[in-house]
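Engineer: Protein chains in written order, with UniProt numbering: chain A, 1 to 207; chain B, 1 to 207.
Virtual Cβ for every residue (Gly too), placed ideally from N, Cα, C.
Everything numeric in this text was worked out from a predicted model, so none of it was measured.
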DNA sequence: GGGTCGGCTAAGCGCCCGCTCAGCTTCGGC
DNA sequence: GCCGAAGCTGAGCGGGCGCTTAGCCGACCC
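Given below as structure tokens:
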């Protein structure tokens with residue numbers, strides 16, 4: 001009963017790294033529930049129910065409800081960072097790499113909106129150690145984008161007064177897509193990605 | 001023990017419309033608690049404790065915990081809408097009005113971050129009727145910003161392909177300030193407001 | 001085909017939640 | 001100086017929470 005690959009672009013099956021199968025079903029159920037109602041408003045009974053199991057089954061595969069959130073958050077941040085790194089370290093000018101980074105980052109936040117919502121908005125529900133680990137990943141995300149902006153400024157492609165502030169604004173814009181994007185709305189993830197890449201290039205004074 | 005006015009600009013005392021005094025103290029305590037931990041993770045005992053009262057006192061002034069959130073959300077959205085309307089309907093070119101709207105809207109989201117955080121991120125915790133009321137206010141917020149952008153396009157000041165999409169991005173950028181802004185961080189609300197006004201003018205191709 | 005073990009469930013423990021209620025205090029009206 | 005109303009508290013109810021435990025079931029090993 002294996003499902004198809006997520007995209008034609010060779011993207012790997014989401015949550016494919018989570019085994020066994022029952023653990024993955026529980027984790028996917030948790031992502032949906034956390035995204036819909038928030039971590040604190042979601043019960044372990046709800047998660048188990050969505051996965052077609054009893055509440056106790058959850059504790060075979062995860063020590064606590066928080067560990068579920070931690071696993072989701074970790075995998076999601078790894079994926080987001082991977083997307084940005086691929087774009088940031090690709091070939092092409094800073095302008096091309098920034099447009100690529102923004103459009104692919106936004107596509108992920110829109111297309112996998114439930115995951116992105118949990119990943120981006122439930123950080124505070126984690127305990128101190130887990131949160132510290134995730135915050136470190138976010139700093140790497142920030143560094144990737146700032147690197148492209150700095151490259152563009154150094155190459156004379158961009159006109160940016162406040163590099164850290166502009167980097168913050170770019171990431172903020174992309175991340176917030178997970179809050180408002182509506183699957184039933186008028187825009188596809190690809191369209192939002194293109195629009196946002198254009199807006200961000202304007203923000204850095206490219207072209 | 002009355003505190004001073006919030007700003008030198010004649011802004012009214014926040015939550016001044018909430019009476020009696022005990023109700024206001026409870027509401028302010030709820031704003032802080034909801035902002036720190038989220039609505040669902042906040043207990044009525046926590047709110048009452050912060051206000052220096054017993055848990056039962058809450059129910060003298062508010063029917064339920066949700067009514068507290070509703071009052072906060074309603075007052076906050078009214079204030080945000082008021083800020084935008086003042087800027088949108090002021091004098092000056094579309095460029096000046098957009099810069100004014102963004103900088104004042106951002107100043108509010110940064111300077112009154114705890115309130116803005118609750119107002120912008122706890123909408124889903126409201127029941128259907130209350131949520132519908134708030135969603136209607138948000139549509140008015142959106143209409144104000146879209147109006148300025150349309151004015152600018154009509155006047156030839158702006159170069160915008162996708163007006164609804166760009167409006168969405170502008171508001172998204174401003175609202176997300178409430179998520180990342182840190183009072184102890186390196187930027188003042190005024191600095192972020194100026195930076196963001198500049199970035200938004202670039203997004204619409206002004207100047 | 002008996003033994004072992006991972007995966008799962010039914011039942012339920014202890015706790016804390018939102019909320020209620022009887023009763024106490026304070027205070028303005030007359 | 002008594003009365004009713006308003007504001008507030010201590011105690012606690014019913015229920016749902018995260019999580020645990022005892023035990024069942026089927027797959028695999030020899």
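With burial defined as no fewer than 16 other Cβ atoms inside 10 Å of the residue's Cβ, what is the status of residue 122(A): buried or exposed?
Structural biologist: Working through the first chain from its first residue, we reach residue 122(A) at position 122. Classification of residue 122(A): buried, given that the 10 Å Cβ count is 16 or more.
Engineer: In this structure, does DSSP put residue 103(B) in helix, strand or coil?
Structural biologist: Here residue 103(B) is taken as the residue at index 103 of the second chain, counted from 1. Residue 103(B) falls in the helix class under three-state DSSP.
Engineer: Could you tell me whether the Cβ atoms of residue 103(A) and residue 194(A) are closer together than 8 Å?
Structural biologist: Here residue 103(A) refers to the residue found at position 103 of the first chain. Here residue 194(A) refers to the residue found at position 194 of the first chain. In this structure, residue 194(A) lies closer than 8 Å to residue 103(A) by Cβ.
Engineer: Taking 8 Å as the CB-CB cut-off, is residue 108(B) touching chain A?
Structural biologist: Within the second chain, numbered from 1, the residue matching residue 108(B) stands at position 108. Judged by the 8 Å Cβ criterion, residue 108(B) is not in contact with chain A.
Engineer: If I follow the unbroken alpha helix (DSSP H) through residue 133(A), where does it start and stop?
Structural biologist: Here residue 133(A) refers to the residue found at position 133 of the first chain. DSSP places residue 133(A) inside the alpha helix (DSSP H), whose first and last residues are 128-154.
Engineer: Cutting at 7 Å between CB atoms, please list the residues of its own chain near residue 111(A), excluding the five before and the five after it.
Structural biologist: Sequence index remark: in the first chain, residue 111(A) carries index 111 (1-based). These residues qualify, in order along the chain: 189.
Engineer: Please report the residue range of the alpha helix (DSSP H) in which residue 196(B) lies.
Structural biologist: The sequence position of residue 196(B) within the second chain is 196, counting from 1. Element bounds for residue 196(B): 189-203.
Engineer: I need the DSSP call for residue 76(A), collapsed to helix, strand or coil.
Structural biologist: By 1-based counting over the first chain, the position of residue 76(A) is 76. Residue state, collapsed to three classes: helix.
Engineer: What does the alpha-carbon distance come out to for the pair residue 109(B) and residue 157(A)?
Structural biologist: By 1-based counting over the second chain, the position of residue 109(B) is 109. By 1-based counting over the first chain, the position of residue 157(A) is 157. Answer to the nearest angstrom: the Cα atoms are 32 Å apart.
Engineer: State buried or exposed for residue 60(B), treating a residue as buried only when at least 16 other CB atoms are found within 10 Å of its CB.
Structural biologist: Here residue 60(B) refers to the residue found at position 60 when the second chain is read from its first residue. Classification of residue 60(B): exposed, given that the 10 Å Cβ count is below 16.
Engineer: Just to confirm my understanding: we take residue 120(B), look at its own chain, exclude 5 residues before and 5 after, and list those with CB closer than 6 Å. What are they?
Structural biologist: One-based indexing of the second chain puts residue 120(B) at position 120. Result list for residue 120(B): 175 and 178, in chain order.
Engineer: Going by C-alpha to C-alpha distance, which of 172(A), 192(A) and 196(A) sits closest to residue 196(B)?
Structural biologist: Mapped onto the second chain, residue 196(B) falls at position 196. For residue 196(B), the nearest C-alpha among the options comes from 172(A).
Engineer: Kindly indicate if chain A contains any beta-carbon less than 8 Å away from that of residue 7(B).
Structural biologist: Taking the first residue of the second chain as position 1, residue 7(B) is located at position 7. Any reading at residue 7(B) is ruled out, since the residue's pLDDT is 44, under 50, leaving its predicted position unreliable.
Engineer: Does the beta-carbon of residue 42(B) have 16 or more other beta-carbons within 10 angstroms, so that it is buried, or is it exposed?
Structural biologist: As a position in the second chain, residue 42(B) is number 42, starting the count at 1. Under this definition residue 42(B) is a buried residue.
Engineer: Nearer than 7 Å: is that true of the beta carbon of residue 52(A) relative to any heavy atom of the ligand ADP?
Structural biologist: In the structure shown, the ligand ADP is absent, as is every other ligand, since no ligand is present at all.
Engineer: What in chain A is Cβ-close to residue 173(B), meaning under 7 Å?
Structural biologist: Working through the second chain from its first residue, we reach residue 173(B) at position 173. 169, 172 and 173, listed in chain order.
Engineer: Assuming residue 73(B) contacts residue 126(B) under a Cβ cut-off of 8 Å, what Cβ separation, rounded to an integer in Å, is found between them?
Structural biologist: For this step, residue 73(B) is matched to residue 73 along the second chain. For this step, residue 126(B) is matched to residue 126 along the second chain. That pair is a contact at about 7 Å.
Engineer: Out of 46(A), 139(A) and 166(A), which one is the CA nearest neighbour of residue 150(A)?
Structural biologist: Here residue 150(A) refers to the residue found at position 150 when the first chain is read from its first residue. Residue 150(A) has its Cα closest to that of 166(A), out of 46(A), 139(A) and 166(A).
Engineer: Given this structure, state the Cα-to-Cα distance separating residue 143(A) from residue 95(A), to the nearest angstrom.
Structural biologist: Your numbering for residue 143(A) matches position 143 in the first chain. Your numbering for residue 95(A) matches position 95 in the first chain. Cα to Cα, residue 143(A) sits roughly 17 Å from residue 95(A).
Engineer: Mind checking which residues open and close the alpha helix (DSSP H) that includes residue 61(B)?
Structural biologist: Sequence index remark: in the second chain, residue 61(B) carries index 61 (1-based). From DSSP, the alpha helix (DSSP H) with residue 61(B) extends over 58-61.
Engineer: For residue 166(A), decide whether its Cβ has a neighbour in chain B, counting only Cβ atoms nearer than 8 Å.
Structural biologist: Along the first chain, one-based indexing puts residue 166(A) at 166. At least one chain B Cβ lies under 8 Å of residue 166(A).
Engineer: Residue 75(B) and residue 58(B): beta carbons closer than 8 Å?
Structural biologist: Counting from one through the second chain, the residue named residue 75(B) turns up at place 75. Counting from one through the second chain, the residue named residue 58(B) turns up at place 58. Not a contact, by the Cβ cut-off of 8 Å.
Engineer: Could you tell me if residue 152(B) is buried or exposed, where buried requires 16 or more neighbouring beta carbons within 10 angstroms of its beta carbon?
Structural biologist: Counting from one through the second chain, the residue named residue 152(B) turns up at place 152. So residue 152(B) counts as buried.
Engineer: Going by the beta-carbon positions, is the gap between residue 168(A) and residue 169(B) smaller than 8 Å?
Structural biologist: Indexing the first chain from 1 puts residue 168(A) at position 168. Indexing the second chain from 1 puts residue 169(B) at position 169. No, the pair does not count as a contact, with Cβ atoms beyond the cut-off.
Engineer: Name the residues in the UniProt domain "HTH tetR-type" (20-80) of chain B whose C-beta lies less than 7 Å from a C-beta of chain A; which are they?
Structural biologist: 38, 40 and 41
Engineer: If you follow the alpha helix (DSSP H) that residue 173(A) is part of, which residue opens it and which one closes it?
Structural biologist: Taking the first residue of the first chain as 1, we reach residue 173(A) at position 173. Taken as a continuous stretch (DSSP letters only), the alpha helix (DSSP H) holding residue 173(A) covers 163-175.
Engineer: Can you pull out the residues from the region 176-203 of chain A whose beta carbon lies closer than 9 Å to at least one beta carbon of chain B?
Structural biologist: Answer in chain order: 176, 177, 179, 180, 186, 187, 191, 192, 195, 196, 198, 199, 200, 202 and 203.
Engineer: Within its chain, find whatever has a CB closer than 8 Å to the CB of residue 18(B); leave out the 5 residues flanking it on each side and keep chain order.
Structural biologist: Indexing the second chain from 1 puts residue 18(B) at position 18. Contacts found: 24, 27, 71 and 75.
Engineer: Contact criterion: CB-CB distance below 8 Å. Does residue 162(B) meet it with respect to chain A?
Structural biologist: For the purposes of this step, residue 162(B) is taken as residue 162 along the second chain, with counting starting at 1. For residue 162(B), the answer is yes, since a Cβ of chain A falls inside 8 Å of its Cβ.
Engineer: Between which two residues does the alpha helix (DSSP H) holding residue 49(B) run?
Structural biologist: For this step, residue 49(B) is matched to residue 49 along the second chain. Counting along the chain, the alpha helix (DSSP H) containing residue 49(B) begins and ends at 44-50.
Engineer: Put residue 111(B) into one of helix, strand or coil per three-state DSSP.
Structural biologist: As a working mapping, residue 111(B) is identified with position 111 in the second chain. Three-state DSSP puts residue 111(B) in a helix.
Engineer: Can you have a look at residue 44(B) and say buried or exposed, based on whether 16 or more other CB atoms are within 10 angstroms of its CB?
Structural biologist: Mapped onto the second chain, residue 44(B) falls at position 44. Looking at its Cβ environment, which holds 16 or more other Cβ atoms inside 10 Å, residue 44(B) is buried.
Engineer: Pull out every residue of the region 88-105 of chain A whose Cβ sits closer than 9 Å to any Cβ of chain B, in chain order.
Structural biologist: none
Engineer: Under 8 Å between C-beta atoms, does residue 205(A) make it to chain B?
Structural biologist: To locate residue 205(A), count along the first chain from 1; it is residue 205. So yes, residue 205(A) belongs to the interface.
Engineer: When you compare the CB positions of residue 69(A) and residue 137(A), do they come within less than 8 Å of one another, or not?
Structural biologist: One-based indexing of the first chain puts residue 69(A) at position 69. One-based indexing of the first chain puts residue 137(A) at position 137. In this structure, residue 137(A) does not lie closer than 8 Å to residue 69(A) by Cβ.
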